[in-house]
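Below is one structure; the comments refer to it alone.
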Amino acid sequence: MLEKIFLHQKQYALKLRSESLKTRIQSLEALEKAIESHQAEIIEALKKDFNKPEAETLLSEIYPVLKELHFTRKNLKSWSGPRRVQTPWTLFGSQSFIQPEARGVCLLIGPWNYPFQLVFLPLISAIAAGNCAILKPSELTRHTSSVIKKIAEAAFATEHVFVAEGGAETTQELLKFPFDHIFFTGSTRVGKIIMEAAAKHLSSVTLELGGKSPTIVDATADLAVAAEKVAWAKFINAGQTCVAPDYLFVHEAVASSFKKHLIAAIQKFYGSSAEQIQHSPDLARMASVNHTQRLKNLIDDAVAKKAEIIFGGHCEPEKHYCSPTLLDKADPHSLVMQEEIFGPILPMMTFKEISEVIHFINERPKPLALYFYSHSQMNSERILKETSSGGLVFNDSLIHFVNPHLPFGGVNHSGIGSYHGWHGFQTFSHEKAVLKQSFLGKMLRIMYPPYSSFKMNALKTLLRWRI
Ligand code: NAD
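223 is the number of the first residue of the sequence shown in our numbering; add one for each residue after it.
Now the structure itself:
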C-alpha cells in the first residue's frame with residue numbers, strides 16, 4: 223500500500239511542477255484551516271500522550287506552526303521566483319539566474335517530544351516549495367499521530383500528502399523507496415540509520431538531531447534573571463526539548479548564589495514542596511516508562527559517582543514522572559554527562575576561567591544549541607568565535623527557535639542542514655542554475671578546436687588575468 227502511494231505521489235509531483243504559486247498558497251491555507259478546526263483535539267491528544275499542559279501545547283506546538291504558515295504565505299512569492307546573478311564577461315551576451323524548483327516527493331519523519339510542530343513545520347516548507355510528502359509521526363505519541371493524520375486528510379489529497387502511522391518498521395519500509403529528500407528529526411543514533419538508507423538512493427537529507435546543549439553562567443550574569451530563564455527552558459515539556467539546556471557551567475564565584483536562584487525559580491513555577499511539584503498541572507510527564515527508568519538510572523549513576531542531589535531526584539517510572547532535579551558536582555565521566563539527558567535533570571559544574579569551558583565544549587560533539595549568560599563583551603566574543611554549535615543565544619535560552627529569519631539546525635553530530643522560514647523553503651528546493659545564451663554569445667567559439675597558437679595565447683592571457 224505504501225509503495226502505491228509513493229508511486230502516485232511521484233506522478234502527482236510532476237503535475238505540481240506546472241501548478242501556479244496560488245495553488246501552493248491555497249494548500250497552505252487549507253492546512254491552516256484544518257489545524258484551527260482541530261485545535262481542541264490537538265490539545266487533548268497531547269494531554270493524553272504525556273500530560274502536556276494546554277498552555278505549553280498552545281505555545282510550543284500550535285503557535286509555531288500557525289506563525290510559520292503566516293510567515294511562509296507572506297513571503298512565498300519573493301522566495302520562489304528566479305534570482306538574477308551576475309554573468310562574467312567571458313559569457314558576454316548571456317543572462318544567468320537561479321530558479322528554485324521542488325525536489326519532488328519527500329519523506330518527513332518526526333520524533334515524539336514536540337510531535338505536532340516537528341511534523342508540520344517541515345511540511346509547511348515542503349508544500350511551499352511545491353513538493354509531495356509522506357509524513358511518519360512518532361508512534362510513541364499515538365493520540366497526536368492520529369490527529370496529525372486527520373488534519374492532513376482534511377487539508378490534502380493522498381497523492382499530495384499522506385500520513386503513514388507506525389513505528390520503526392514503517393520507517394524501514396518507507397526508506398526502501400527512492401525519495402527525493404528525507405527530512406528526519408530525532409536522535410543521532412537513528413539519524414545515522416536514515417542517512418545510510420538515503421545513501422542507497424542518493425536521496426538528499428536534512429537531519430535535525432539532538433545532543434548536549436551547554437549553558438554557561440559567568441560571574442557577570444544577572445543571576446536571578448538567568449536562573450528563571452534556565453529553569454523555564456530546562457523544564458518546559460519536562461526537559462524533553464532538543465535544545466533544552468542539557469548541563470550547566472557556573473562560575474565558581476557565583477555558583478552558590480545561582481543555585482539558590484535556580485531552586486527559587488523551580489519552586490515559583492511548579493510549587494514549593496515535592497508533592498505540589500508532582501501534582502503541578504504545569505509540568506509535563508515523560509513519554510514512556512522506559513524513558514523515565516533511563517532518567518532514574520542517570521540520577522543513580524551520577525550519585526554513585528559523587529554528584530549531590532541539591533533538588534528533586536524523585537522518579538516514578540510507572541507514573542512517567544521525574545521531578546525537576548539539580549545535580550551538583552557532576553562527574554564528566556558519569557552517564558548524565560555522557561548522553562543526551564532529554565528529561566528534567568540538570569547537572570552542574572563550576573569553572574574558574576572561560577577557557578576551561580571552551581576546551582570542555584570543543585572536546586565533545588558540536589552541540590545543537592549553546593547558551594551563554596554574561597555581560598562580559600570579551601567572554602561573549604570568545605564563545606562566539608571559539609566554539610561551534612547549531613545555534614548560540616546570549617542571555618536567554620530556546621528563543622532562537624522562534625525567529626523565522628534564523629536557520630534552525632545542528633552541525634555534524636547535532637544535525638545536517640536547517641529549516642524555518644526561507645531556510646526551510648530552500649531545504650525543500652533544488653537551486654537550478656539557469657543560463658540563457660543570446661545570439662551575441664559567440665566569444666567562446668574561440669576555444670573550440672583546432673587549438674591554434676593564437677587560441678593558445680588567448681587562453682594563456684585568460685589564465686594570467688583570471689578573467
Ligand atoms: P528517535 O530517533 O528514537 O525516533 C525518531 C523517529 O525515528 C520516530 O518516528 C521513530 O519511529 C523512528 N525510528 C526509531 N528507530 C528507528 C529505526 N531503527 N529505523 C527507522 N526509524 C526509526 O527519536 P525520539 O526519541 O522520537 O526523539 C528524541 C530525539 O530527537 C532526541 O535526541 C532529540 O534531541 C531529538 N530531537 C531533535 C530535534 C531537532 O530539531 N534537532 C527536535 C526534537 C527532537
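Every residue gets a Cβ at the ideal spot worked out from N, C-alpha and C, and that includes glycine.
Whether residue i touches residue j by CB criterion (8 Å)
i	j	result
LEU520	LEU557	yes
GLN321	LYS654	yes
PRO310	PRO337	no
ALA529	LEU549	yes
TYR234	GLU381	yes
SER351	SER602	A small fix is needed here, since residue 351 is Ala in this sequence, not Ser. Their beta carbons are not under 8 Å apart, which means ALA351 does not touch SER602 by this criterion.
LEU431	GLY303	no
LEU329	LEU250	no
GLY408	PRO333	yes
ILE438	PHE342	no
ARG325	ASN297	no
ILE356	PHE378	no
VAL465	SER435	yes
PHE314	GLY663	yes
HIS423	ALA267	no
SER367	GLU361	yes
LEU614	LEU620	no
HIS542	THR514	yes
ILE346	LEU291	yes
LEU484	ALA460	no
LEU587	HIS536	For the record, residue 587 in the displayed sequence is Pro; it is not Leu. Result no, Cβ atoms of PRO587 and HIS536 do not sit closer than 8 Å.
Reference residue i, options the options, closest by Cα
i	options	result
GLU538	PHE650, ASN617, GLN308 and ASN512	ASN512
ILE668	LYS682, SER368, SER318 and PRO304	LYS682
PRO554	GLY389, PHE533, LYS518 and MET570	MET570
GLU497	GLN515, GLY534, LEU484 and ALA477	GLY534
ALA477	PRO333, ALA455 and ILE532	ILE532
SER318	VAL656, ILE689, ILE605 and LEU666	VAL656
PHE293	LEU505, GLY646 and LEU685	GLY646
LYS299	THR245, PHE405 and LEU628	THR245
ALA455	HIS622, PRO626 and LEU291	HIS622
GLU578	LYS677, VAL472, GLU283 and THR547	VAL472
ILE638	ALA267, MET417, SER510 and HIS423	MET417
ALA506	ALA262, THR279 and LYS232	THR279
PRO220	ALA419, SER619 and SER640	With the chain represented from 223 up to 689, any question about residue 220 goes unanswered, as that position is not in the structure.
LYS289	ASN634, HIS642, ALA453 and ARG604	HIS642
ALA486	ILE346, ALA446 and LEU470	ALA446
ARG305	MET678, GLN648, LYS677 and PHE480	GLN648
THR442	GLY612, SER479 and LYS490	SER479
LYS274	PHE228, LEU684 and ALA509	ALA509
HIS285	TRP644, HIS635, VAL624 and TRP687	The displayed chain sequence assigns Tyr, not His, to residue 285. Answer by Cα proximity: VAL624.
SER240	ILE227, PRO344, ASP444 and GLU323	GLU323
ASP618	SER596, ARG516 and LYS398	SER596
GLN231	LEU685, LYS677, HIS260 and VAL327	VAL327
Beta-ladder partner(s) of residue i, from DSSP
i	result
PHE533	LEU548
GLU656	Here the sequence assigns Val to residue 656, which means Glu is not the residue at that position. Paired residues: PHE319.
PHE471	ILE438 and MET571
LYS170	No answer is possible for residue 170: it lies beyond the span of the chain, which begins at 223 and ends at 689.
GLY637	GLU430
GLU283	In the DSSP output, where bridge partners are listed per residue, GLU283 has none listed.
GLU538	TYR543
SER651	ALA324
Spatial distance of residue i from residue j (CA atoms)
i	j	result
GLU254	GLU225	28 Å
PRO566	SER545	7 Å
LEU281	GLN394	33 Å
HIS501	GLU258	30 Å
GLY433	ALA591	9 Å
ASP468	SER598	23 Å
SER610	GLY493	37 Å
ALA524	ALA552	7 Å
PHE582	PRO589	12 Å
ASN584	SER425	31 Å
ALA252	ILE349	11 Å
LEU666	SER675	16 Å
ALA449	PHE457	12 Å
SER242	PHE406	28 Å
LYS237	ILE404	21 Å
ALA277	LYS269	11 Å
ILE563	ASN335	13 Å
MET301	LYS658	The question names Met, but residue 301 in the sequence shown is Trp. Distance between the alpha carbons of TRP301 and LYS658: 21 Å.
beta-carbon residue i near the ligand SAH non-hydrogen atom, thresh 7 Å
i	result
SER640	The model on display carries the ligand NAD but not the ligand SAH.
Restricting to runs no shorter than 4 residues, where is the alpha helix (DSSP H) found entirely within the stretch 373–458?
390–396, 410–423 and 445–457
What are the complete alpha helix (DSSP H) segments, minimum 4 residues, inside the stretch 565–629?
576–584 and 599–608
To test your reading of the DSSP string, which unbroken alpha helix (DSSP H) runs of 4 or more residues are found completely within the stretch 296–348?
none
Of all the alpha helix (DSSP H) runs that stay within the bounds of the stretch 478–530, which reach a length of 4 or more residues?
496–500 and 511–526
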